[in-house]
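In the working numbering, the protein residues as written are 2 to 159. Each residue gets a CB set at the ideal place from its N, CA and C atoms; glycine is no exception. Since the structure is predicted, the reported quantities are computational estimates derived from the model, not experimental observations.
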Amino acid sequence: MPVILAEAPRDVGIGIRPALVRDLPRIMEIERLAFGEQWDYYQFKASLDDVFLLAVDAATADIVGFLVACCCEITRRGIILRVAVHPDFQGRGIATELIERSLGELKKKKLDEVELDVDILKGGAIGLYEKVGFQVVEIFSPSEENDDTFYIMRKKLG
């Protein structure tokens, strides 16, 4: 069941709320701008029952960013799957606010830690995650044929 967050983030003119089915077209638009490899409509729709937060411009009510995280109760770990902010709104603390809010929600679910992966070439994203307390715990390459390499980053909750 989605959580409802009423308070606005710190001084960025942005509100945070749970995602709804009607939001998916705009979410997919932001996804297309942020990532080369994209989730499809059904992947986003399936995530609506997880921690799926939207950043909404308070002046226009436009969705300007999103975060998707899931919970694994067996391992007591949350996993941040997607974080994206529309290019016109980047650099305003929106991704930081989405991450901090998601950490709060994951902590309420009594999880021990949160994990994410990030391409090692994404220095800005790595810096953002380090700023909110994530640490690199592993380097991962999905296959030898592929040049992609990722950091696995974790943050303890508690």
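With respect to the beta strand (DSSP E) encompassing Ile80, which residues constitute its N-terminal and C-terminal limits? According to the DSSP assignment, Ile80 belongs to the beta strand (DSSP E) that extends over 78 to 86.
Presumed contact (8 angstroms Cβ cut-off) between Ala99 and Leu54, rounded CB distance: The residue you asked about is not Ala; residue 99 is Leu in the sequence shown. Confirmed, Cβ separation roughly 6 angstroms.
Could you tell me if Asp12 is buried or exposed, where buried requires 16 or more neighbouring beta carbons within 10 angstroms of its beta carbon? Its pLDDT being 46, under 50, Asp12 is placed unreliably by the model, and nothing is read from it.
Per DSSP, which residues does Glu139 bridge with? Please list them. Its beta-bridge partners are Ile153.
Kindly indicate which residue of Thr61, Ile80, Val22 has the alpha-carbon position closest to the one of Lys110. When C-alpha distances from Lys110 are compared across Thr61, Ile80, Val22, the shortest belongs to Ile80.
Rounded to the nearest angstrom, what separates Val115 and Ala96 at their Cα positions? The alpha-carbon separation between Val115 and Ala96 amounts to approximately 16 angstroms.
Could you tell me which residues DSSP puts in a beta bridge with Val22? Val22 is not bridged to any residue.
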